[in-house]
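**Student:** So the sequence shown is residues 26 to 341, counted in my numbering.
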Amino acid sequence: MNAIGVDVGGTKIGAGVVTPEGEILNEVRYPTAAGRERLISSIAQAVVESRDEYEVGGVCLSVPGTVLSAENKVIDAPNLHAIEGIPLKDELEERTGLTATVENDANAAAWGEFRFGMGSEVDHLIFLTLGTGVGGGVISHGILLRGAQGAGGELGHVTIQATGPRCACGNHGCLEALASGTAIARRAREVASEKPDSALGRRAVERKVLGEDVTELARGGDAAALEVLEETGTWLGIGLAGFVNVFNPEAIAIGGGVARAGNLILDAARREVRLRATSPGRDLVKIKGATLGAESGVLGAGALARDESGEYVLGS
Ligand SMILES: [Zn+2]
Numbered sequence: 026m027n028a029i030g031v032d033v034g035g036t037k038i039g040a041g042v043v044t045p046e047g048e049i050l051n052e053v054r055y056p057t058a059a060g061r062e063r064l065i066s067s068i069a070q071a072v073v074e075s076r077d078e079y080e081v082g083g084v085c086l087s088v089p090g091t092v093l094s095a096e097n098k099v100i101d102a103p104n105l106h107a108i109e110g111i112p113l114k115d116e117l118e119e120r121t122g123l124t125a126t127v128e129n130d131a132n133a134a135a136w137g138e139f140r141f142g143m144g145s146e147v148d149h150l151i152f153l154t155l156g157t158g159v160g161g162g163v164i165s166h167g168i169l170l171r172g173a174q175g176a177g178g179e180l181g182h183v184t185i186q187a188t189g190p191r192c193a194c195g196n197h198g199c200l201e202a203l204a205s206g207t208a209i210a211r212r213a214r215e216v217a218s219e220k221p222d223s224a225l226g227r228r229a230v231e232r233k234v235l236g237e238d239v240t241e242l243a244r245g246g247d248a249a250a251l252e253v254l255e256e257t258g259t260w261l262g263i264g265l266a267g268f269v270n271v272f273n274p275e276a277i278a279i280g281g282g283v284a285r286a287g288n289l290i291l292d293a294a295r296r297e298v299r300l301r302a303t304s305p306g307r308d309l310v311k312i313k314g315a316t317l318g319a320e321s322g323v324l325g326a327g328a329l330a331r332d333e334s335g336e337y338v339l340g341s
């Protein structure tokens, strides 16, 4: 039996029929509508359109925010406030006739990577997505860690530097405040003003430097851009070393836009893990780029869809 995975983002909604083999059929995309009623009706429309004539056992929404799993609703979504507080399960079941579940987007992407990406060979996986923010997911013994309320696995908001930059969550020095694309851009602007003769410094005079500029200039050998990525990788590694000690994962998958910097960031992260994590966990863990890219959201949501009896439609 197939399931429908829906990836609800701040700018677009993607929905597709996911097969037990991890193929996406009939994917549809809508812009994310503003306003509560238009948002829920466009999500329902995406589900109905994607379902078409396919046999489907359930639907799961991947949403950008803190999910209360007992109530199947989002309580805090900084990039999509319109979705907060909507009884998503009831609304969607009424409009589509399918059993609906709701999951945090990073947890869903982690599950997608676990089922169909680089995690398919392991039982213990940490997933991090480094983009505008930092999302995380933890799979231990083949089970997605949700915690008591469904709000677990928020690896991006672990404190790495007590007096560090302010984070979007209000805390200081979270992993997100030091290793997201936003953090890279902020640090790059500081380094550019310290080193105006570097390629990074010259780029900053032309326009506002973004995370992808830093990767491009680092690939071209600019020492200032390389320094920013090396520093970012070091902060990332400090975070990962803690996760290695707590969860003893076989693999850590790094996704999101920042992961395109590849070893320019990951080499420094691996070095920190070797220096800081304890044996034997640090010797076992493989730190690699995630393999599914943007499809992990729809795939992971599809794989987390449950049927009427509460079992995963695609199996576990
Ligand atoms: Zn934070």
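The beta-carbon is built from N, C-alpha and C at its ideal position, and this holds for glycine as well.
Does at least one heavy atom of ligand 1 sit under 6 Å from the Cβ of H182?
**Tutor:** Yes, ligand 1 has a heavy atom inside 6 Å of this Cβ.
**Student:** Just to check, is the beta-carbon of E201 closer than 6 Å to a non-hydrogen atom of ligand 1?
**Tutor:** Yes.
**Student:** Does the Cβ of L289 have 16 or more other Cβ atoms within 10 Å, making it buried, or fewer, making it exposed?
**Tutor:** Per the 10 Å Cβ criterion, buried.
**Student:** Suppose the cutoff is 6 Å on Cβ atoms and the five residues either side in sequence are ignored; what does the same chain contact list for W260 look like?
**Tutor:** Counting only Cβ-Cβ distances below 6 Å, and skipping sequence neighbours, we find I185, L203, A204.
**Student:** What number of angstroms, rounded off, separates the C-alpha of S67 from the C-alpha of D292?
**Tutor:** Taking the straight line joining both Cα atoms gives about 42 Å.
**Student:** Which residues mark the beginning and the end of the alpha helix (DSSP H) in which R214 is found?
**Tutor:** Segment 206-219, the alpha helix (DSSP H) holding R214.
**Student:** Would a C-beta distance cut-off of 7 Å place A28 and L324 closer than the cut-off?
**Tutor:** Not a contact, by the Cβ cut-off of 7 Å.
**Student:** Would you call the region 54-69 and the region 142-160 touching, i.e. three or more CB-CB distances under 8 Å?
**Tutor:** Counting Cβ pairs under 8 Å, fewer than three are found: no touch.
**Student:** Quick one: using the 10 Å Cβ neighbour count with 16 as the cut-off for buried, is R76 buried or exposed?
**Tutor:** Classification for R76: buried.
**Student:** Comparing alpha-carbon positions, which option in T188, G47, R212 lies nearest R140?
**Tutor:** Per the Cα distances, G47.
**Student:** What are the start and end residues of the alpha helix (DSSP H) that includes K114?
**Tutor:** Its alpha helix (DSSP H) spans residues 113-121.
**Student:** With DSSP run on the structure shown, which of helix, strand or coil describes R232?
**Tutor:** Of the three classes helix, strand and coil, the one that applies to R232 here is coil, per DSSP.
**Student:** Could you give the first and the last residue of the continuous alpha helix (DSSP H) run that contains V88?
**Tutor:** Premise fails: V88 lies in the beta strand (DSSP E), 81-88, not in any alpha helix (DSSP H).
**Student:** Just to confirm, does N129 get its C-beta within under 6 Å of one of the non-hydrogen atoms of ligand 1?
**Tutor:** No, ligand 1 has no heavy atom inside 6 Å of this Cβ.
**Student:** Look at the alpha carbon of R307 and the alpha carbon of R212, and state the distance between them as a whole number of angstroms.
**Tutor:** C-alpha separation (whole angstroms): 28 Å.
**Student:** With distances taken from CA atoms, which of V43, Q70, L123, V271 is nearest E333?
**Tutor:** Per the Cα distances, L123.
**Student:** Starting from the C-beta of T121, find all residues in its chain whose C-beta is less than 8 Å away, skip the five residues before and the five after it, and write them out in chain order.
**Tutor:** The answer, listed in chain order, is A69, V72, V73, R76, V84.
**Student:** On the premise that A278 lies in contact with G30, defined as a C-beta separation below 8 Å, what is that separation, rounded to the nearest angstrom?
**Tutor:** Contact flag wrong, Cβ pair sits at about 18 Å.
**Student:** For T103, count the other beta carbons within 10 Å of its own beta carbon; 16 or more makes it buried, fewer makes it exposed. Which is it?
**Tutor:** Correcting the residue identity first, residue 103 is Pro in this sequence and not Thr. P103 is exposed by the Cβ-count criterion.
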